[in-house]
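*Asks:* My questions all concern the structure below.
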Amino acid sequence: MSTVTKKELIDRIAEKTSSKRVVVKRIVQKFLDEIIDELGQGNRLEFRDFGVFESKQRAARIAQNPKTLERVQVPSKRTVKFKVGRLMKARLCGESERPAAPLRANPPREPGTRPM
Numbered sequence: 000m001s002t003v004t005k006k007e008l009i010d011r012i013a014e015k016t017s018s019k020r021v022v023v024k025r026i027v028q029k030f031l032d033e034i035i036d037e038l039g040q041g042n043r044l045e046f047r048d049f050g051v052f053e054s055k056q057r058a059a060r061i062a063q064n065p066k067t068l069e070r071v072q073v074p075s076k077r078t079v080k081f082k083v084g085r086l087m088k089a090r091l092c093g094e095s096e097r098p099a100a101p102l103r104a105n106p107p108r109e110p111g112t113r114p115m
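Under numbering that gives the first Met the number 0, the first residue of the sequence shown carries the number 0, and numbering increases by one thereafter.
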């Protein structure tokens with residue numbers, strides 16, 4: 000597994016879109032700044048098929064220092080939770096990119112049977 004930096008992503012996008020690197024860098028940075036601003040305001044960000052970013056408040060708790068075994072009070076804090084979307088989950092699990100068949104509101108039934 001290797002690490003991909005923001006600079007590398009910007010270079011890839013600029014090359015694939017035949018755009019200037021400076022323009023792509025500005026757009027990517029603005030996009031990330033907007034995500035930070037929205038999460039800072041407590042908003043939920045939903046990117047269909049990619050995932051959902053959500054700001055959560057973690058409750059205060061008592062933890063233990065592993066070296067001294069002393070109990071320590073940990074204050075509450077805000078964190079960001081990410082829930083993986085459908086396409087990303089499929090890609091990570093090695094499934095094909097083809098979207099799943101849509102759910103039918105009324106599944107077909109055999110003739111002579113009554114709906115439940």
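Every residue, glycine too, gets a C-beta built ideally from N, C-alpha and C. From a predicted model like this one, the values you see are computed outputs, not experimental measurements.
Going by the CB atoms, is the gap between V71 and A62 shorter than 8 Å?
*Replies:* Taking 8 Å as the Cβ cut-off, A62 and V71 qualify as a contacting pair.
*Asks:* When you compare only the Cα positions, how much space is there between D36 and M0?
*Replies:* About 30 Å.
*Asks:* How many angstroms separate the CA atom of G41 from the CA atom of M87?
*Replies:* Taking the straight line from one Cα to the other gives about 24 Å.
*Asks:* On the DSSP bridge assignment, give the partners of R25 in chain order.
*Replies:* Partner(s): none; R25 has no beta bridge.
*Asks:* Give, in chain order, every unbroken run of the alpha helix (DSSP H) that is at least 4 residues long and sits entirely within the stretch 41-69.
*Replies:* The qualifying runs do not exist here; there are none.
*Asks:* Just to confirm, are R57 and K82 a CB contact at a threshold of 8 Å?
*Replies:* Against a cut-off of 8 Å, the Cβ pair of K82 and R57 comes out as no contact.
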